[in-house]
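S.K.: To start, I am sharing the structure in question, which I have written as structure tokens.
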Amino acid sequence: MKMQNTMTLPPRRAHKRKINVATVLSVIVLTVFTVFALIPFLFLLISSFKPGSDIVRYGINLQFDPKALTLKNYVLLWTERNGIYLHWFKNSILITLLQTVISVFLSAMVGYGLAMYQFRGRNLIFIIVLAVLVVPLEILILPLYKLTVSLRIINTYAGVILPFAVPAFAVFFFRQYALGLSKDLLDAGRIDGCSEFGIFFKIMMPLMMPAFGAMVILQAMFSWNNFVWPLIVLRSNENLTIPIGLASLITPYGHNYDMLMSGAVMSVIPILIVFLFNQRAFISGLTIGGIKG
Amino acid sequence: MKEVTISKRKKTFNSQKLAPYLFVLPFIIVFLVFFVYPIFSTIVMSMQEIYGFDDVEFIGFENYKRLNNPHYLGALRTSAAYTFWTILVLIPLPVVLAAVLNSKSTPLKNFFKSALFVPALTSVIVAGIFFRYSFGEQETTLVNSIIGFFGLKPFVWLQKSSTAMFALVILCTWRWLGVNIVYFLSGLQNIPPEIYEAADIDGANALDKFFRITVPSLKPVILYVLIISIHGGLAMFAESYAYWQSQTPGGIGMTIVSYIYQTAFNYFQMGLASAVGLTLLVLILVLNVIFLAIFGAFRKESD
Chain D
1 MKMQNTMTLP PRRAHKRKIN VATVLSVIVL TVFTVFALIP FLFLLISSFK
51 PGSDIVRYGI NLQFDPKALT LKNYVLLWTE RNGIYLHWFK NSILITLLQT
101 VISVFLSAMV GYGLAMYQFR GRNLIFIIVL AVLVVPLEIL ILPLYKLTVS
151 LRIINTYAGV ILPFAVPAFA VFFFRQYALG LSKDLLDAGR IDGCSEFGIF
201 FKIMMPLMMP AFGAMVILQA MFSWNNFVWP LIVLRSNENL TIPIGLASLI
251 TPYGHNYDML MSGAVMSVIP ILIVFLFNQR AFISGLTIGG IKG
Chain W
294 MKEVTISKRK KTFNSQKLAP YLFVLPFIIV FLVFFVYPIF STIVMSMQEI
344 YGFDDVEFIG FENYKRLNNP HYLGALRTSA AYTFWTILVL IPLPVVLAAV
394 LNSKSTPLKN FFKSALFVPA LTSVIVAGIF FRYSFGEQET TLVNSIIGFF
444 GLKPFVWLQK SSTAMFALVI LCTWRWLGVN IVYFLSGLQN IPPEIYEAAD
494 IDGANALDKF FRITVPSLKP VILYVLIISI HGGLAMFAES YAYWQSQTPG
544 GIGMTIVSYI YQTAFNYFQM GLASAVGLTL LVLILVLNVI FLAIFGAFRK
594 ESD
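Protein sequences, first through last, are from chains D and W. Per our numbering, the first sequence starts with residue 1, numbered consecutively. Per our numbering, the second sequence starts with residue 294, numbered consecutively.
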């Protein structure tokens, strides 16, 4: 198989034709997977305009009657059960904002410290960062649950945010980024009489803005969609975030299909808008991990 | 060496010595309180029978002996199968798609790249809502309509373990395909184009180039994706919860973490749940070490 191909070099014309066939083939393959990727959004959107009872009876289905479509679900979404969805929406927004600001800022500090200074224990701390990355948080849900109960932060925003206030992946990301910053700037800042933290805030943070951009977006996406830990910590209905609230609608006791589909669509729209304007930041935040593998 | 230059600047000596520790302090605090302590407490709990908040009895390795039960073994099998299938799909498929997207002649690259990534923006539960009601048992549901088009009878997808696994892997593929494509594309961009040009001159065809240049160059990224897939696969819970919540008839779709959730939060057997969690931790660590050793990552010197 190996030698044969190199020996029988096809004539130039045929070669070119082959490339065109390959191009057509790749477009077909990519189109198939793009349809697979996008069609669920279309179905969710259409289902959100159908009466809720439709979903119970027929599931997500191919029937499409433009005249039967209604905006009713989007009105009910904000009023039903005393506007519970509004609570979820508010909680999701506040937790996303707080968690993103806190965890990005703290992990930038830690990553910067690990990259810029030589100190005893530096390597040990970096190894710990890597080790934490390897341990799935799902293993810790039970002891963490007990701990949040003892600390009296169960069913609060703090309970959702504090245990993951300094995410290892973000520390790793910022460390990698800060390694590329010039250490001469440290000295320059010191000569100008800046304190170490002054150097970080005034000189280094502005230089780290691209890293902040990537991490803010990635962390915000993670917080907005976060499921496992909030499911454990948030115990009362009006304290839930959107994903947990939506999940509570599917339980055998809480069937409420009017809110389900429109609620799901409403939860996707904000993140979709952010993505459309910041695609590069999403990608660069993800790929730093892959580079060092 | 650096120590010397630093200590020269006497004026701010103390602050410079202390500053790095202040910078990393938040991580150390969170690590000790929300990582070391929970791990320690779950180890202790795994050797206890917990009746109430302060009512515990030390029972040694009894909880570990109790793991020899059909629920745990079934959950282990489900998680292992899920990990196996997701790796089988979510490594080769995105590698091929990334190679296609990386080829010069492919049009609309940016559109395809973005479109394929969009599912990653959804929460598990939104994806779960779509797939759960598309895999519904009524003959009108999306999936049953599609198989009906090919003359097949409607199917009860979510109540049989083989088709339930199919539904889980489809959901995972939908959400993660674009992310893995991004990983592999970043790996592909590190391959110098001259190598492909040289291969062209030697008359290599597309398949030769794919298997002899693309795949070997992607080895580190493949290892990375493999490790996060093992990690994510064995610890999978949310996808199963999205389909079946925490209770499933006959343990359909029940994974190791679903079993932890069930024993801890539905049956309040905290000791047993801790033992399950620790076996999962050991399993994941051992597999990581094995794969790193196989791929020879230990030999490479990191900076």
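Backbone N, C-alpha and C fix where the C-beta goes; we use that ideal spot for every residue, glycine too.
1) Under DSSP, the alpha helix (DSSP H) around isoleucine 125(D) begins and ends at which residues?
2) I need the DSSP call for phenylalanine 588(W), collapsed to helix, strand or coil.
3) Is it true that the CB of alanine 214(D) sits closer than 8 Å to the CB of tyrosine 112(D)?
4) What residues from chain A crowd round isoleucine 418(W), counting only those whose CB sits closer than 7 Å?
5) With burial defined as no fewer than 16 other Cβ atoms inside 10 Å of the residue's Cβ, what is the status of methionine 209(D): buried or exposed?
6) Using the beta-carbon of each residue, which ones in chain W are nearer than 7 Å to phenylalanine 64(D)?
7) Less than 8 Å between C-beta atoms, sequence neighbours within five positions excluded: which residues of the same chain meet that for leucine 369(W)?
8) Find out if the Cβ-Cβ distance for the pair threonine 379(W), valine 462(W) is shorter than 8 Å.
9) List the whole-angstrom C-beta distance separating serine 103(D) from alanine 37(D), where the pair is believed to meet the contact cut-off of C-beta under 8 Å.
10) So which residues of chain D does valine 393(W) contact, with C-beta pairs closer than 7 Å?
11) Around the Cβ of asparagine 82(D), are there at least 16 other Cβ atoms within 10 angstroms (buried) or fewer (exposed)?
12) Contact check, threonine 286(D) vs leucine 218(D) under 8 Å by CB: the rounded distance?
13) Taking 8 Å as the cut-off, decide whether the C-beta atoms of phenylalanine 459(W) and leucine 516(W) are in contact.
14) Of all the alpha helix (DSSP H) runs that stay within the bounds of the segment 163-203 of chain D, which reach a length of 4 or more residues?
15) Could you run through the segment 562-577 of chain W and flag, in chain order, every residue whose CB is less than 8 Å away from some CB of chain D?
16) With H, G and I counted as helix, E and B as strand and the rest as coil, what does DSSP make of threonine 434(W)?
17) Taking the alpha-carbon of serine 427(W) as reference, which of Leu451(W), Ile553(W), Lys406(W) has the nearest alpha-carbon?
18) At a Cβ threshold of 8 Å, is tyrosine 177(D) touching chain W?
19) Does the Cβ-Cβ distance between isoleucine 553(W) and alanine 535(W) come in under 8 Å?
20) Residues bridged to phenylalanine 377(W) by DSSP?
21) I want to see whether chain W comes within less than 8 Å of isoleucine 269(D), judged by CB atoms only; does it?
22) Of all the residues that make up the segment 140-155 of chain D, which are near chain W by a beta-carbon distance shorter than 8 Å?
23) In chain D, which residues lie less than 8 Å from serine 524(W) when you measure between Cβ atoms?
24) Determine the burial state of arginine 378(D): buried for a count of at least 16 other Cβ atoms within 10 Å of its Cβ, exposed for fewer.
25) By the three-class DSSP mapping on this structure, what secondary structure does isoleucine 161(D) have?
26) Of the residues Leu45(D), Pro40(D), Ile283(D), Ser236(D), which one's Cα is nearest the Cα of asparagine 91(D)?
27) In terms of residue numbering, what span does the alpha helix (DSSP H) encompassing isoleucine 343(W) cover?
28) If you measure from the beta carbon of glutamine 341(W) to each beta carbon in chain D, is any gap under 8 Å?
29) May I ask which residues mark the beginning and end of the beta strand (DSSP E) holding phenylalanine 351(W)?
30) Please list, in chain order, the residues of the segment 66-77 of chain D that have any C-beta partner in chain W closer than 8 Å.
31) Give a yes or no on whether the C-beta atoms belonging to glutamate 532(W) and glycine 421(W) are separated by under 8 Å.
32) Please classify aspartate 258(D) as buried or exposed, where buried requires at least 16 neighbouring CB atoms within 10 angstroms.
33) Taking Cβ positions, are serine 26(D) and valine 393(W) nearer each other than 8 Å?
34) Please identify, using Cβ separations under 8 Å, the residues of the segment 272-289 of chain D that lie next to chain W, in order along the chain.
35) Start and end of the alpha helix (DSSP H) containing phenylalanine 448(W)?
36) Comparing C-alpha positions only, which one of Asp184(D), Met221(D), Ile128(D), Ile139(D) sits nearest to valine 411(W)?
M.R.: On the basis of the data shown:
1) Per DSSP, isoleucine 125(D) belongs to the alpha helix (DSSP H) from 122-134.
2) coil
3) No, the Cβ-Cβ distance between tyrosine 112(D) and alanine 214(D) is not below 8 Å.
4) Judged by its chain identifiers, the structure shown contains no chain A, and its protein chains are D and W.
5) exposed
6) What phenylalanine 64(D) touches in chain W: nothing, since even the nearest Cβ is about 12 Å away.
7) Ile549
8) yes
9) Not really, about 29 Å apart at Cβ, beyond 8 Å.
10) Ser26, Val29, Leu30
11) exposed
12) The sequence as given places leucine at residue 286(D); threonine does not occur at that position. At roughly 7 Å, the Cβ-Cβ gap stays under 8 Å, so leucine 286(D) and leucine 218(D) are in contact.
13) Contact flag unset, no.
14) 168-179, 184-191
15) Met563, Ala566, Ser567, Gly570, Leu571, Leu573, Leu574, Ile577
16) If DSSP states are grouped into helix, strand and coil, threonine 434(W) belongs with the strands.
17) Looking from the CA of serine 427(W), the closest CA among Leu451(W), Ile553(W), Lys406(W) belongs to Leu451(W).
18) no
19) Their beta carbons are not under 8 Å apart, which means isoleucine 553(W) does not touch alanine 535(W) by this criterion.
20) Per DSSP, none; premise fails for phenylalanine 377(W).
21) no
22) The residues in question are Leu140, Ile141, Leu142, Pro143, Leu144, Tyr145, Lys146, Leu147.
23) Residue identity differs from the one stated: residue 524(W) is histidine in this sequence, not serine. Those within 8 Å of histidine 524(W) in chain D are Val134, Pro136.
24) Any property of residue 378(D) remains undetermined from this structure, which presents chain D solely from 1 to 293.
25) helix
26) Ser236(D)
27) Where isoleucine 343(W) is concerned, there is no enclosing alpha helix (DSSP H), although the beta strand (DSSP E) it sits in stretches over 341-343.
28) no
29) 349-351
30) Identification of residues in the segment 66-77 of chain D having a C-beta nearer than 8 Å to some C-beta of chain W yields an empty set.
31) yes
32) buried
33) yes
34) Leu272, Phe275, Gln279, Phe282, Ile283, Leu286, Thr287, Gly289
35) Unbroken run through phenylalanine 448(W): none, as it is neither H nor E.
36) Met221(D)
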